[in-house]
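> To start, I am sharing the structure in question, which I have written as structure tokens.
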Amino acid sequence: MTEQISFIDLKRQQKKIRNELDTAIKNVLDHGKYIMGPEVSIFENDLRDFCNSKHAITCANGTDAITMVLMAWGIGPGDAVFVPNFTYVATAEAPAQLGATPFFVDVNEDTFNMNFESFESSISDAIKLGLNPKVVIPVDLFGRPSNFEEINKVAQSKNIKVLIDAAQSFGGNYKGKCVGSIGDATTTSFFPAKPLGCYGDGGAVFTQDKSLSELLNSIRFHGKGEEKYDNVRIGINSRLDTLQAAILIEKLKIFRQELELRQKVADFYNSELSGIFNVPRIDNDFKSSWAQYTLIVENRDELQKKLNKNGIPSVVYYPKSLSQQDGYKDYPYSSSGLKISEDLAHKVLSLPMHPYIESNELEKVVKILKQT
Ligand SMILES: *Cc1c(COP(=O)(O)O)cnc(C)c1O
């Protein structure tokens with residue numbers, strides 16, 4: 201029997217802080233304030249401090265985080281929201297839910313992130329279709345922050361707002377600035393498998409804009425006004441559970457250390473695999489949170505089978521680009537095409553990545569990969 205390596209190992213993390221988690225959960229059970237209890241605002245303060253953001257508003261999940269920002273900006277039918285074609289579906293689902301049009305933009309093969317030339321040409325494509333270009337959502341795929349300056353230069357000149365989908369990149373940084381402190385708004389997710397995950401669903405929005413933060417505070421609570429049963433706008437029900445906030449407070453305490461451990465895993469993979477495989481490209485100005493470590497390979501099926509036979513899990517994020525999904529194939533896309541994102545769907549392979557992977561496990565992964 202070969203021993204199975206975990207793709208993401210949440211048990212080892214839990215073991216490390218189990219006592220703190222038990223106490224935190226017990227405290228919530230004791231005070232009984234399950235909705236918007238004191239832990240929620242404590243965690244929001246901790247989040248703000250962590251990434252140097254003026255405001256942090258938690259919510260029920262990372263998808264709602266995107267939806268709430270779009271709602272605050274009044275996005276709806278007739279509006280184009282530019283999204284990378286290679287991402288998790290939630291990025292496009294949020295604008296689609298609001299009746300806006302997700303508009304697919306191609307990505308860069310070496311960074312997996314939005315290609316800004318494709319974005320720029322998509323703006324006039326959208327106008328030709330009679331849409332109003334309103335928002336661009338760069339996604340920090342696999343943990344690598346987007347090149348904010350490039351995207352923002354184009355966006356600003358066209359009066360388009362930038363919403364960064366940092367569901368995978370919280371903890372990363374760009375030019376020394378933490379993810380969460382740049383852009384008009386940044387959203388993240390605390391889904392268990394994300395770099396900072398809870399034990400259920402959770403999400404947050406970061407912004408430097410006080411009036412946006414006040415709007416979001418109302419939107420996440422049924423559009424509340426000053427009083428609880430005063431509803432001044434149409435909102436949604438999207439709050440972070442007190443229990444999840446209590447868990448996240450403890451997890452955030454070890455998060456910096458975990459990011460360093462993730463970086464060490466990535467460094468090891470890079471040093472062993474570059475030259476043999478196409479390894480992720482992270483330029484000097486960027487620090488990834490290493491949500492995933494993803495290779496581009498030609499013989500994916502064969503490689504995956506071999507890893508599997510040796511007890512090594514690997515995952516394809518994502519087997520289809522958005523334009524190839526039945527639910528999304530009718531939305532418009534860049535007139536320069538989506539070749540890179542559609543190709544990537546056939547070539548990407550993510551390797552085991554988490555802070556507590558042991559060196560003998562890493563050595564095994566690399567040894568099997570090198571046997572091809
Ligand atoms: C996970 C994820 C989301 C959605 O987060 P949920 O908390 O699962 O709703 C959005 N965008 C990207 C890129 C993601 O990876």
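In short: position in the sequence shown from 1, add 200, done, that's the numbering used here.
From the three backbone atoms N, C-alpha and C, an ideal C-beta is built for every residue, glycine too.
Which stretch, first to last residue, makes up the alpha helix (DSSP H) that contains I419?
Taken as a continuous stretch (DSSP letters only), the alpha helix (DSSP H) holding I419 covers K410 to I419.
> Short check: CB of G538 to CB of N285, under 8 Å?
Here residue 538 turns out to be Leu, not Gly, going by the sequence shown. Yes, the pair counts as a contact, with Cβ atoms nearer than the cut-off.
> Buried or exposed: which applies to M201, given that a residue is buried once 16 or more other Cβ atoms fall within 10 Å of its Cβ?
Reliability fails at M201, whose pLDDT of 45 lies under 50, so the model's placement of it is uncertain and no value is given.
> Regarding G537 and ligand 1, is the C-beta to nearest heavy atom distance less than 7 Å?
Checking the Cβ of G537 against ligand 1 gives no.
> Is any heavy atom of ligand 1 found at a distance shorter than 7 Å from the C-beta of K520?
False, no ligand heavy atom lies under 7 Å from that Cβ.
> Given a cut-off of 8 Å, decide if N332 and A280 are closer than it, judged by their beta-carbon atoms.
It is a contact, given that the beta carbons lie within the stated cut-off.
> Spatial neighbours of K428 within its chain, please: CB distance less than 8 Å, with the 5 preceding and 5 following residues excluded, ordered by chain position.
Taken in chain order, the list of residues that qualify is empty.
> What's the C-alpha gap between Q204 and I217?
Near 23 Å, if we compare the C-alpha coordinates of I217 and Q204.
> Does DSSP put A296 in a helix, a strand or coil?
Helix, per DSSP.
> Which two residues bound the contiguous beta strand (DSSP E) that contains P284?
D279 to P284 is the extent of the beta strand (DSSP E) around P284.
> Can you grab the Cα-Cα spacing for the pair C259 / V566, in whole Å?
If I take the Cα positions, the gap works out to 39 Å.
> Alpha carbon to alpha carbon, how far is F207 from S559?
Those two C-alpha atoms are separated by around 14 Å.
> Could you have a look at P555 and say whether DSSP puts it in helix, strand or coil?
Three-state result, P555: coil.
> Does the distance from the CB of F303 to the CB of A326 come in under 8 Å?
Yes; because the gap between Cβ atoms is below 8 Å, this pair is in contact.
> Using 8 Å as the threshold, is the C-beta distance between D209 and H554 below it?
Cβ atoms of D209 and H554: closer than 8 Å.
> Just checking, does the region 229-239 make contact with the region 469-482 on the three C-beta pairs under 8 Å criterion?
No, the region 229-239 is not in contact with the region 469-482.
> Which of the three DSSP states, helix, strand or coil, is assigned to D246?
Helix.
> P345: buried (16+ other C-beta within 10 angstroms of its C-beta) or exposed?
Burial call: buried.
> Give me the Cβ distance between F390 and Q356, rounded to the nearest whole Å; I'm assuming they're in contact under 8 Å.
The pair is not a contact, with the Cβ atoms about 30 Å apart (cut-off 8 Å).
> On the DSSP bridge list, what partners appear for M314?
Note: M314 sits in a beta bridge opposite V307.
> Quick check: V405 and G383, are their CB atoms within less than 8 Å of each other?
In this structure, G383 does not lie closer than 8 Å to V405 by Cβ.
> Is DSSP giving P238 helix, strand or coil here?
Helix, per DSSP.
> Exposed or buried, which one is N347 when buried takes at least 16 other CB atoms within 10 Å?
N347 should be labelled buried.
> Rounded to whole angstroms, what's the CA-CA distance from L562 to S514? Just pull it up for me.
Approximately 13 Å between the Cα atoms of the pair.
> For ligand 1, any of its heavy atoms closer than 7 Å to the Cβ of Q368?
Correct: Q368 has its Cβ closer than 7 Å to ligand 1.
> Quick one, which of K375, I447, S381 and K353 has its alpha-carbon nearest A366's?
Of K375, I447, S381 and K353, the residue nearest in Cα terms is S381.
> Compute every distance between the C-beta of K394 and the non-hydrogen atoms of ligand 1, then say whether any falls below 7 Å.
Yes.
> According to DSSP, is L221 part of a helix, a strand, or is it coil?
Note: L221 maps to helix in three-state DSSP.
> Measure the CB-CB distance between S550 and Y517 and report whether it falls below 8 Å.
Yes, Cβ-Cβ distance for S550 and Y517 is below 8 Å.
> Can you tell me whether Y528 sits near ligand 1, meaning its C-beta is under 7 Å from at least one heavy atom of the ligand?
No, Cβ of Y528 sits at least 7 Å from all heavy atoms of ligand 1.
> How would you write the range of the alpha helix (DSSP H) that V269 sits in, first residue to last?
Segment G262 to A272, the alpha helix (DSSP H) holding V269.
> Report buried or exposed for E320, applying the criterion of at least 16 other Cβ atoms within 10 angstroms of its Cβ.
Per the 10 Å Cβ criterion, buried.
> Under a Cβ-count criterion, where at least 16 other Cβ atoms within 10 Å of its own Cβ denotes burial, should N352 be classed as buried or exposed?
Buried: at least 16 other Cβ atoms inside 10 Å.
> Can you tell me whether M201 is helix, strand or coil according to DSSP?
Note that M201 scores 45 on pLDDT, short of 50, meaning its location in the model is unreliable; the coordinates nonetheless yield the value given after this. If DSSP states are grouped into helix, strand and coil, M201 belongs with coil.
> Between the alpha carbons of N484 and F282, how many angstroms are there, rounded?
C-alpha separation (whole angstroms): 27 Å.
> Per DSSP, which one or two residues make a beta bridge with K361?
V335.
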